[in-house]
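Peer 1:
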Amino acid sequence: MKLTRLTVNQIRQFRQPLTISDLTDGINLFVGPNESGKSTLVRAIRAAFFERYTSNSAEDLRPWGDSSAAPEIELEFEWQQQKWKLNKRFLNKKRCDLQINQQHLSGAEAEDKLAELLGFEFSSRGGSKPEHWGIPGLLWVEQGSIQDIQKSVEHAGQHLKTALSNTLGEVTSTAGDALIEQVENERAILLTKTGKPTGQYQKILLDCEQYQIQLKDLDEKIQRYRSDVDRLGQLQRQRQEHDSQKPWLEYCQKAEEAKNALATVQDMQAKQQSDLQLLQNCQNNLNLCLEQLRDFRQGEEKLAQRAQDKTKAAKALEDCKELSAQITQRLQQAQADYQKAKDALSRARLIDRRQNLQREHDQLNAQLNAQLDNLQKAQQLQNELQALRAKLQAQTLDEKLLAKLKQLHNELTEIQIRQQSLATRLEYDLEAGKSITISGQEPIQGKGERLLLEATDLFIPGIGKLRLLPGGTDIRELARKQERLRLDYTNLLQTLKVQNLEQAENRLAENKHLAQQITHLQAQLQMLAPKGVDELNVSVQLIKQRVASLQTELEKFPAEGGEQSDFANADLKTCEAHLEAKDAELKTAERAHQQHQSDLLVLQNAYEAANLEWQKQNNELQSPERQARERDALDRLSNLNAEEAELHKRIDERKQQIEAANPEALQKEIERLSKSADALEKEALQREGEITRLKIHLESIGAEGAEEKRASIQQELERLQRHRDEMQNRAAALDLLLNLLKQKRQELTRQLQAPLQKHLNHYLKLLFPGATLTVDENLRPQILTREQEHGDVISLSYGAREQIGLLSRLAYADLLREASRPTLIILDDALVHCDGERLEQMKRILFDAVERHQILLFSCHPERWRGLGVVGRGVV
Amino acid sequence: MARFLHTADWQIGRHSLLSSGRMSTGRFTEDEAALLAEARFTAIERIAAVGMAEKVDAVLVAGDLFDAQTVSDKTIRRAFQAMASYIGLWLVIPGNHDAALSESVWTRAQRLGAIPQNVQLLLQPEPVLFADKGFAVLPAPLTQRQTYHDLTQWFESDSAQTPPHLLRIGLAHGSVEGQLPESADSSNPISAERAHTAKLDYLALGDWHGTKQINSRTWYSGTPEQDRFKDNGAGNVLIVDIEKPGAEPQVSVHSIGQHQWVKREYTLAVDADLDHLRTELGQIADKSVIALTIRGQVSLHNHQQLMQILGDAEARHRSFQCDFSQLRLQPTADDIAALHADGYVGEVIEELRQRQEQADGETAHEALAILADLLRQQNAEASA
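Protein sequence lines, in the order shown, are assigned to chains D and G. When we follow my numbering, the leftmost residue of the first sequence carries the number 217, and every step to the right adds one. When we follow my numbering, the leftmost residue of the second sequence carries the number 2, and every step to the right adds one.
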């Protein structure tokens, strides 16, 4: 289809006719700013086809304010070598004419012809809406709707399929889709969409279940009923048996027998008890009797024992007596020996005493002589000592006074020295033979000097007297002091009875020597007579006396070697030891003797006692009364023995009888039999109760008619199950049918999709190399797969959807062209959201498409559409 | 000369099961079940009527008068009331279904006071003498549900001695040994020679639902109203005439059943088979209970015909069941053209046709039938 010429008149801003001719086969690009009339042209074309010329919905075509306008559109196009010319006027001059070559159509007929050719519908009421637009709705894209491909395809669907099925031949079914719907409806009666039973089918399934449950309940009930009936029959048979056989009677009878037997045994047991008591008594008596006899026998045994004891004692006494002489002799011998030893010791002692005295005497004598010597020396020393002491006493000197004297002497000396230094020195040198006299003094001669301390008168023979007066007070002072000291000194000398200091000092030294001499002598004296000479003298006197007394004593002892003995030469110690030994021997002998005496006494006593005991026992045994009693006891013993044997025999026999009768077993047997009888009675009672209960129960249950009910339910269930099976079968059949129909239809759809897919891929590889785009059964683009990406077309970005929208439309156009359907593509301001790169790709796609289709492209962005190989033209 | 009506196995209280195959079609309704149950009571009335008409000396009911011990009181009453029109002697023994247990349908009937005077229950194995009527009855009542010994054994004992001038009539319920198909119960055995060995003039038996002669003196009367497909020869009572003791009984079969139970199988292959089917079905008595199994294959066109034939038959009968599980539809080119099954629908038909031979062939068969129906409807609408 090729649009060749377009004229609009009295439409919106085109109040005057506007003709666009020389349209080309390929792209016709109309450019111009907004409101330059591009959209008005598009609207006019759409109105020419979609709106009934009679429709009032073309009101929007009226130029503003022109109420008398008659909007007119005239279109010329070529289709399959035919020229088509459409002239349509709306509103005030409603008219439609269509010229196809020589054929002329007008009015609705003309409109319908166009609708059939292009594949769209008219609105029955009101303006044309997208759902009416069909194939043009897909190929003529209004501003800003290019991306919205889904709806457009849907609206074009039937036209597309009709168009396409022609190319596929007779695969489609005339009745197919209606059939599917019918099958679906039929299926819906039985099954839900997900295949679950519904409606009557569901109800019948539930009913079946319900009935099965009821059936099961009834079966259980019937089973219980039957077993109850069986139980009742069993019980009734038992009762009959019981009533006819009376088994309890046997038990009662046996129990009675057992009771009698038990009574007999119990009697025997009582007798046995009393016999046992008798036996006990008899045995007690027997024991007493035996004890008595035992006593008698013991008395005899005792007598024999005592006789034996007596003989033994006599023998012991005799033996002892035999020893007496020997022991006495041994004692006498010991006494003699002892005496001898004692005498020897006395002698030895005398000798020893004298020897000792002699020794002492000699010693003392020697001592006496030594002491006498000492005494003499001591007396001599004492005399010397007395003399020295007397001397010392005579010239004793006080050392303190001496010290003072010394001091005075020193002071005097000092004063003298000072006097000499201070004194008037008188040196002289006198011619031989001449002298002078100094006052009061002898004459002086020769040479010398004198110190003059006081007024001195010098007398020079021949001349007269010279008086010399020493100068200064000191001299005088010194002289006075010297005078005082001299006085003291002189006094002290007198006190000390010496003439001068030297003499005093000498005397002191002499005293010291004397004292030493005294000390020495005293020490010597001390050695000789430590306690003094007098004491020594006394001691000498004492020793003298002692010696004298010893002499006297010695004279009393007999002379040595006077008496001879065994021990004459034995010393004292030997004698003592000997005596001691003899003493011990004597003591032993004495003890032996003494012991013997005592033994004798004891044995004598023992014998006498034994004899007495024997005598006593013998007397007792010999008494006639006792002998009578023994005989009596023996008799009794024999009687008791007989009685015991008798009792034993009786008891043993009876014991065997009792054991044979077994009273415990009898007791148990009685119990068992009584209980068995009771149990039977009880059982019968219980049975009666159960029979009554069961009867009542069964009567009431039986009336319910369970088995009949069951049969009826079983029948109903079977009916339902058959019905259910029918439905099940029908449901399965419908399922199968529906699936097959759908499956076959889908296969067909796939066949339809294939060519579209081919064209889509053709364009897609120019936009997204390697991508695939699937279409659904309504031929709508569905899933775009790019590399790893996989997504629904609707979820793509606006730009991408726009691009997919355009290339899909081009693919449909290709498809329609192949089906020999007219394809005119009108794009009003398409791809405004494309980026530069994509736009270039889309341009390539468009350029590819124009080889097959005429495209009217309206845009207000001429610069975007450079490179399409066409020159844009303005509308006006 | 004595005349008896011999019947047994009334099975009152039974609700028949009509199913004969897995997949059946047919409008089996609750009404049908009720009508069939009702027919069992009607049978009693008919027996009573025959008894009256034939002037029999006694009606012998050889067990299983009731189908179960616990039938409803109403059922018990109705059963005895249905006997009312025969005012003579009814002699009844319990069978395995209504055995005289400690508590049984009989004790209940007695408590209800439902048993008329002229109905005698024979519950003890001892001779009952009817000297005035010239016969003695030796009953072998079942007092257990099942026994494995022959309850008629006592007929030969001393206690079974009867006066020689009286007919000896045995009345028992069980399986005659060696005479019945092996599938029959082996419980409650009865010696086939009992009539002879016990010197019976006639042994009236129950348990087997078809009328069956064991020997000249031993018969099963069968159930008077058939209730299962397998009971062939049912729906009768026997009229027994015996001249005198030792004389051979004269037995005549009286059909009184209302409904025949017919079970047939047809295999369809060629068009003529359909005509044959139509003819045969037409010959079956009305009000029958019918179970058909139809196998083979049929074109869509013939299938429609078949359905029509079956629909006609169904209307005539008490119950009509049909098993198509082994029937296959074989659409012909004509069928497909007639159905206008073009495009993928045609492919679906072919697919279903093939699938009929696979595992779930029945479903495919059904689906194909539905599809054909729907297409026919569509065409009908289109042409209307």
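Where is the CB? At the ideal position from N, CA and C, for every residue including glycine. Since the structure is predicted, the reported quantities are computational estimates derived from the model, not experimental observations.
Excluding sequence positions up to five away, which residues of its chain have a Cβ less than 7 angstroms from the Cβ of SER25(G)?
Peer 2: Confidence at SER25(G) is low in this model, with a pLDDT of 47, below 50, so its placement is unreliable and no value can be given for it.
Peer 1: Would you decide whether TRP349(D) is buried or exposed? Buried here means 16 or more other CB atoms lie within 10 Å of its CB.
Peer 2: Flag for TRP349(D) reads buried.
Peer 1: Under 7 angstroms, do ILE243(D) and VAL1086(D) count as touching if we go by C-beta distance?
Peer 2: Yes. Within cutoff.
Peer 1: Going by C-alpha distance, which of SER320(G), ALA100(G), GLY175(G) is nearest SER222(G)?
Peer 2: GLY175(G)
Peer 1: Once the 5 residues before and after VAL254(G) are set aside, which same chain residues still bring their CB inside 7 angstroms of it?
Peer 2: THR212, ASN237, LEU239
Peer 1: My guess is that GLY362(G) and ARG356(G) are in contact by the Cβ rule of under 8 angstroms, so how many angstroms apart are they, rounded?
Peer 2: 7 angstroms
Peer 1: In the DSSP assignment, find the beta strand (DSSP E) that holds PHE246(D) and state where it starts and stops.
Peer 2: 243-247
Peer 1: For chain G, find out if any of its Cβ atoms is closer than 7 angstroms to the Cβ of LYS960(D); answer yes or no.
Peer 2: yes
Peer 1: Is GLN318(D) helix, strand or coil when you go by DSSP?
Peer 2: Secondary structure of GLN318(D) (DSSP, three-state): coil.
Peer 1: Is there contact here, the stretch 38-56 of chain G with the stretch 149-167 of chain G, by at least three beta-carbon pairs under 8 angstroms?
Peer 2: no
Peer 1: Helix, strand or coil: which one does DSSP assign to CYS1076(D)?
Peer 2: coil
Peer 1: Counting only Cβ pairs nearer than 8 angstroms, list the residues of chain G close to ILE438(D).
Peer 2: THR71
Peer 1: What's the gap between the Cα of LEU972(D) and the Cα of LEU1031(D)?
Peer 2: 6 angstroms
Peer 1: Within the continuous alpha helix (DSSP H) that includes PRO971(D), where are the two ends?
Peer 2: 922-983
Peer 1: Can you find the residues in the same chain that come closer than 8 angstroms, C-beta to C-beta, to ILE310(G), ignoring five residues on each side of it along the sequence?
Peer 2: LEU275, LEU278, ARG279, LEU282
Peer 1: SER284(D) to GLU1056(D), Cα distance in whole Å?
Peer 2: Approximately 47 angstroms, taken between the alpha carbons.
Peer 1: Does GLY22(G) come out as helix, strand or coil in the three-state DSSP assignment?
Peer 2: Note that GLY22(G) scores a pLDDT of 44, beneath 50, so its modelled location is shaky; the value from the coordinates is reported in the next line. The answer is coil: DSSP assigns GLY22(G) none of H, G, I, E or B.
Peer 1: Is there a Cβ of chain D sitting closer than 7 angstroms to that of GLY22(G), yes or no?
Peer 2: With a pLDDT of only 44 at GLY22(G), under the threshold of 50, the placement of this residue in the model should not be trusted; the figure read from the coordinates follows. With 7 angstroms as the cut-off, GLY22(G) does not count as an interface residue toward chain D.
Peer 1: For HIS304(G), count neighbouring C-beta atoms within 10 Å of its own C-beta (all shown protein chains included) and say buried if the count is 16 or more, exposed if not.
Peer 2: Residue burial annotation: HIS304(G) is buried, with at least 16 other C-beta atoms found within 10 angstroms of its C-beta.
Peer 1: Between SER25(G) and chain D, is the shortest Cβ-Cβ distance under 7 angstroms, so that the two count as touching?
Peer 2: Unreliable placement is indicated for SER25(G), whose pLDDT of 47 sits below 50; the coordinate value is still reported in the next sentence. Answer yes: the Cβ-Cβ gap between SER25(G) and chain D drops below 7 angstroms somewhere.
Peer 1: What is the rounded straight-line gap between the Cα of TRP91(G) and the Cα of TRP464(D)?
Peer 2: 44 angstroms
Peer 1: Tell me whether the stretch 641-652 of chain D and the stretch 705-716 of chain D touch, counting them as touching only if at least three CB pairs, one residue from each stretch, are closer than 8 angstroms.
Peer 2: no
Peer 1: Check this for me: beta carbons of ILE48(G) and THR108(G), under 7 angstroms apart or not?
Peer 2: No; because the gap between Cβ atoms is not below 7 angstroms, this pair is not in contact.
Peer 1: Could you pull the start and end residues of the alpha helix (DSSP H) that LEU375(G) belongs to?
Peer 2: 362-384
Peer 1: Please name the residue in SER916(D), GLN1070(D), PRO1038(D) whose C-alpha comes closest to that of VAL72(G).
Peer 2: SER916(D)
Peer 1: Tell me the DSSP secondary structure of GLU226(G) in three-state form.
Peer 2: coil
Peer 1: Answer with yes or no whether the minimum CB distance from ASN945(D) to chain G is below 7 angstroms.
Peer 2: Taking Cβ atoms only, chain G reaches closer than 7 angstroms to ASN945(D), which makes this a yes.
Peer 1: Could you check whether the stretch 338-349 of chain D touches the stretch 270-289 of chain D, counting it as contact only if at least three pairs of C-beta atoms, one from each stretch, sit closer than 8 angstroms?
Peer 2: yes
Peer 1: Tell me, which residues are paired with PHE321(G) by DSSP?
Peer 2: ILE291(G)
Peer 1: Which full runs of the alpha helix (DSSP H) of 4+ residues lie inside the stretch 661-707 of chain D, going along the chain?
Peer 2: none
Peer 1: Below 7 angstroms between beta carbons is the criterion; list the residues of the stretch 148-170 of chain G that meet it against any residue of chain D, in chain order.
Peer 2: Residues of the stretch 148-170 of chain G with a Cβ closer than 7 angstroms to any Cβ of chain D: none.
Peer 1: Do you know how far the Cα of VAL247(D) is from the Cα of GLY1090(D)?
Peer 2: 5 angstroms
Peer 1: Residues of chain A with a CB under 8 angstroms from the CB of ALA394(D): which are they?
Peer 2: No chain A is part of this structure, whose protein chains are labelled D and G.
Peer 1: In terms of DSSP beta bridges, what is PRO190(G) paired with?
Peer 2: SER176(G)
Peer 1: For ALA132(G), which residues of its own chain have a beta-carbon under 8 angstroms away from its beta-carbon, when the five flanking residues on both sides are left out?
Peer 2: PRO164, LEU167
Peer 1: Determine the burial state of GLU290(D): buried for a count of at least 16 other Cβ atoms within 10 Å of its Cβ, exposed for fewer.
Peer 2: buried
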